[in-house]
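Novice:
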Amino acid sequence: LVFVCEMAHAGVFLEHDQFNCSICLDVLKDPVTVPCGHSYCKACIKGYWDQDDYLGVYGCPQCRQSFTPRPVLGRNTMLADVVEKLKQTAIRAASPPKTEPSEAETSEAEPGEVPCDVCTGNRSLAVRSCLVCLASYCEDHLKPHYESAAFQKHRLTAPTSSLQDSLCPRHDKLLEVFCKTEQRCICYLCLTDEHKGHDTVLASTEISEKKDALAETQRKFQQRIEEREKDLEELRRATQSLTRSAKAALEESERVFTELVCSIERRRTEVKELIRAQERAATSQAEQLLRQLEQEISELKKRDTELSQLAQIENQISFLQNYGSVCVQPVCMDVPCITVDPDFGCVMSAVSEFQALIDDVCQARLHTLRDRRTRRTSHVASRRGEDRKTGGGGILIGILLRGHFLFSTDGFPGASKAVRRGLEEIETKEQGEREGAPEYHEIPQDSEKICTKLLRSIERKHGEVKELLRAEERGALAQAEGLLESLDQQAEDTRRKEAELELLSGTDDHIHFLLVNLVLSLTVCCEVTLDPNTANSFLCLSEGNRKVSTCFDSQHYPDHKERFSSWAQVLAREAISTRRYWEVEWSGSGGIGIGVSYKGINRHSGSADGKLGCNSKSWSLNLCNGHCTFQHNKTKLEIPSPISARIGVYVDHKAGILAFYCISPRRDTMNLLHRIFTTFSHPLYPGFWLGPGSTLKL
3 LVFVCEMAHA GVFLEHDQFN CSICLDVLKD PVTVPCGHSY CKACIKGYWD
53 QDDYLGVYGC PQCRQSFTPR PVLGRNTMLA DVVEKLKQTA IRAASPPKTE
103 PSEAETSEAE PGEVPCDVCT GNRSLAVRSC LVCLASYCED HLKPHYESAA
153 FQKHRLTAPT SSLQDSLCPR HDKLLEVFCK TEQRCICYLC LTDEHKGHDT
203 VLASTEISEK KDALAETQRK FQQRIEEREK DLEELRRATQ SLTRSAKAAL
253 EESERVFTEL VCSIERRRTE VKELIRAQER AATSQAEQLL RQLEQEISEL
303 KKRDTELSQL AQIENQISFL QNYGSVCVQP VCMDVPCITV DPDFGCVMSA
353 VSEFQALIDD VCQARLHTLR DRRTRRTSHV ASRRGEDRKT GGGGILIGIL
403 LRGHFLFSTD GFPGASKAVR RGLEEIETKE QGEREGAPEY HEIPQDSEKI
453 CTKLLRSIER KHGEVKELLR AEERGALAQA EGLLESLDQQ AEDTRRKEAE
503 LELLSGTDDH IHFLLVNLVL SLTVCCEVTL DPNTANSFLC LSEGNRKVST
553 CFDSQHYPDH KERFSSWAQV LAREAISTRR YWEVEWSGSG GIGIGVSYKG
603 INRHSGSADG KLGCNSKSWS LNLCNGHCTF QHNKTKLEIP SPISARIGVY
653 VDHKAGILAF YCISPRRDTM NLLHRIFTTF SHPLYPGFWL GPGSTLKL
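In the working numbering, each residue carries its 1-based index in the sequence shown increased by 2.
#1: In three-state DSSP terms, what is L75?
#2: Using DSSP with H/G/I as helix, E/B as strand and the rest coil, what is P146?
#3: Could you spell out where the beta strand (DSSP E) holding Q290 opens and where it closes?
#4: Let me check understanding here. Comparing Cα to Cα, which of T285, S609, L176 and Q571 lies closest to C542?
#5: Taking the alpha-carbon positions, what's the L30 to L675 distance?
#6: Quick check: the Cα distance between M80 and G595, rounded to an integer number of angstroms?
#7: Between V129 and L144, which are expected to be in contact by the criterion C-beta below 8 Å, what is the C-beta distance as a whole number of angstroms?
#8: Measure how close the beta-carbons of A647 and S589 come, nearest whole angstrom, since I'm counting them as under 8 Å.
#9: Figure out for me which residue from G612, V598 and L614 has the closest Cα to the Cα of G654.
#10: Give me the residue from T536, S666 and E272 with the minimum Cα distance to E576.
#11: Could you tell me the distance, in whole angstroms, from the CA atom of E296 to the CA atom of K303?
#12: With DSSP run on the structure shown, which of helix, strand or coil describes T680?
#13: From the DSSP secondary-structure annotation, give me the bridge partner or partners of L479.
#14: Pick out whichever of W691, E208 and Q185 has its Cα sitting closest to the Cα of H200.
#15: Can you check whether the CB of W621 is closer than 9 Å to the CB of G612?
#16: Tell me the rounded alpha-carbon separation between I603 and Q224.
#17: By Cβ distance, which residues of its chain are closer than 6 Å to N673, with the 5 residues on each side in sequence left out?
#18: Would you mind giving the Cβ-Cβ distance between L237 and L485, rounded to the nearest angstrom? I have them listed as a contact below 8 Å.
#19: Measure the Cβ-Cβ separation of L252 and K468 and say whether it is below 9 Å.
#20: Going by beta carbon distance, what residues of the same chain come within less than 7 Å of P694, once the five residues before and after it are set aside?
#21: Just curious, the beta strand (DSSP E) that Q701 is in, first and last residue?
#22: Please work out which residues of its chain come closer than 7 Å, Cβ to Cβ, to V530, disregarding the five sequence neighbours upstream and downstream, and give them in chain order.
#23: For R130, which of helix, strand or coil comes out of DSSP?
#24: If contacts are defined as beta-carbon pairs under 8 Å, then C189 and L176 qualify, I think. What distance do you get, rounded to the angstrom?
#25: If A82 sits next to D28, beta carbons under 8 Å apart, how far is it from one beta carbon to the other, in whole angstroms?
#26: Is the beta carbon of R677 less than 9 Å from the beta carbon of F662?
#27: Tell me the DSSP secondary structure of C664 in three-state form.
#28: Quickly, what does DSSP pair Q633 with across the bridge? List them, please.
#29: Are at least three pairs of beta-carbons, each pair with one atom in the region 68-76 and one in the region 37-47, less than 8 Å apart?
#30: By the three-class DSSP mapping on this structure, what secondary structure does C192 have?
#31: Excluding sequence positions up to five away, which residues of its chain have a Cβ less than 8 Å from the Cβ of R472?
#32: Do S539 and Y559 have their C-beta atoms within less than 9 Å of each other?
#33: Select from N324, R458 and A152 the residue whose C-alpha is nearest the C-alpha of E1.
#34: Report the residue from L532, Y60, C43 and Q90 whose alpha carbon sits nearest the alpha carbon of N78.
#35: Terminal residues of the continuous beta strand (DSSP E) containing D654?
#36: If I follow the unbroken alpha helix (DSSP H) through E50, where does it start and stop?
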């Protein structure tokens, strides 16, 4: 710095162009140096590289050297100090000494900010705008408005770049009157011709009334936000309660089925023991009869031997003496009737009936659970449909809170009774069946198979119940998530509207206030769908004709006289002849055009006449390469405003108003980009132009 100053004092001056940015051709501001050694304004080189960001290769505008990856820009402190010192030296040499300017005076207007209309060269940032002078001033040039009596009655407002919109487009007079009949601002001369006899008031009077209504609307929005936040909290609690209830129901069903399985296991053991006991009793009875019969047979054989010996005696006297004692009939016991059931039919029948009974009980209970879930789902669906019809105000929190999973030990009330009743039937049928003694050891095995099959059946039913409970939980949670998403969206929309109202209530520009108030009165965007019969063949429509993208391959659209054959353009289906507002989201490097058009626009011209905004039948806001322009009838107007990915469009066909708004992504607020007052002679159609690689969504 000392060296530079000494050179300046010694009369050795450097060329001014050596410190100019080769992009903006102005003196370096916040200079940065790229790896090749060349220096630029930080904002200039950043914007230059942003255009090629999708390529991933970045170059120097002077030497064309390429860099990969994108270099990190660091401020060249020494060069910045040199440039600043040279600026101060040049200022001191060109003007008399003065007091050190304030920060507001030296700050320069950034792109999108309002510059001072009096400053020359590096224009300072304006701090106020005058609605009488129709000019914006920095702090230094604003002093006469405070110090001179001639400016005391001038109305000052926050700095705005749309001061010219405060003038009547027909008479170039200040818009100070509001026509209630046509809902637009007019000047005093308009009262004598086209607005003669209309209901008119001073704009200030209308603003006062609108602000009162605005305050009431803000209060309602705040109340609605509080209600929605309360609904959200209740719904979240209901969802948590639902999850806990589902978990408890699953645990309870697990316990009930476990008890049921244990009960059947015990009954199976009892049935096996019953069959074994019956077998032992019948076998014991048969063995006793066998011993008796064997003893009787032995006795009879002994008598038969004695009789044979008696028949062989030849001595008559001896024969007669022994005959009486030998021929006496022995006492014979009565042999009971022995009934043998080799298949244990009564037992097997009872066990089979027991299995069928358990299956019937489980199946009936499952049907009951499914029917209850179906009725609840139908009821919820009908309630949600009613809520949609009534404006979406109803919340199904009550249903969710009452929809807990009711599962207890009574969930299968017939199961335990069936176990007891089956065992009683087995015991009843087996009483008195003690006569047989079969040796069919496979009979207990058959009962074992039946019990095993029964247990497997219960396990399957258990799995079905668990899956049913989980399905019910998933359905209820899905309904809750849908409601949460809907409530979140409603809360977000309400907060956005409240922010817009808050921003609007603080504006001093009565034209902007009254116009934006009309836009906000349209509580929702109108429905806009694209007409596929007008879409160029290199445009691809999707999402119900509400999204359009450029494509490399020509689409096979049918021939139609209304289709754009040259320019990548498309019109909407809906014609506008009243007041409408819609919003557009866009992305891509090729840029887009958003506007309106008469139906008679040329669809087949390959020249500029066929492009949106380049003829007398269309108006277009173009966003491309970081620039924003408005076009109509080949007249282009640069709009110094930052580009947003979300644009709002307002049309008042009768009043002849077309306005474009930038929707801020950070605060979700509306900022006026451009507005025109004209006369529309035919219905308007929203129209769109897309550059290569661009996408647009309504």
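Glycine is no exception: its CB is placed at the ideal position from the N, C-alpha and C atoms.
Specialist: Short version:
#1: L75 falls in the coil class under three-state DSSP.
#2: helix
#3: Unbroken run through Q290 is the alpha helix (DSSP H), A205 to A313; no beta strand (DSSP E).
#4: Per the Cα distances, Q571.
#5: One C-alpha to the other measures close to 29 Å.
#6: Taking the straight line joining both Cα atoms gives about 43 Å.
#7: About 6 Å separates the CB atoms of V129 and L144; that is less than 8 Å, so the two are in contact.
#8: Contact flag correct, Cβ pair sits at about 6 Å.
#9: First, the residue type needs correcting, since residue 654 is Asp and not Gly in the sequence shown. Of G612, V598 and L614, the residue nearest in Cα terms is V598.
#10: T536
#11: 10 Å
#12: coil
#13: According to DSSP, L479 bridges with nothing at all.
#14: Q185
#15: no
#16: 45 Å
#17: C664
#18: 6 Å
#19: yes
#20: T552 and G592
#21: Here the chain comprises residues numbered 3 to 700, so residue 701 is not present and cannot be evaluated.
#22: Only residues of its own chain outside the window of five on either side were considered, and among them A574, E576, W584, P688 and L700 have a CB closer than 7 Å to the CB of V530, listed in chain order.
#23: Residue state, collapsed to three classes: strand.
#24: 6 Å
#25: That pair is no contact at about 15 Å.
#26: By the CB criterion at 9 Å, R677 and F662 fall inside the cutoff.
#27: strand
#28: In the DSSP secondary-structure assignment, Q633 is bridged to S622 and K638.
#29: Yes, since at least three Cβ pairs between the region 68-76 and the region 37-47 fall closer than 8 Å, the two stretches touch.
#30: It is helical.
#31: A248 and L252
#32: Yes.
#33: The structure shown does not extend to residue 1, since the chain is modelled only from 3 to 700, so the question has no answer here.
#34: C43
#35: Per DSSP, D654 belongs to the beta strand (DSSP E) from R648 to D654.
#36: The amino acid at residue 50 is misidentified as Glu; the sequence shows Tyr. Residues K44 to Q53.
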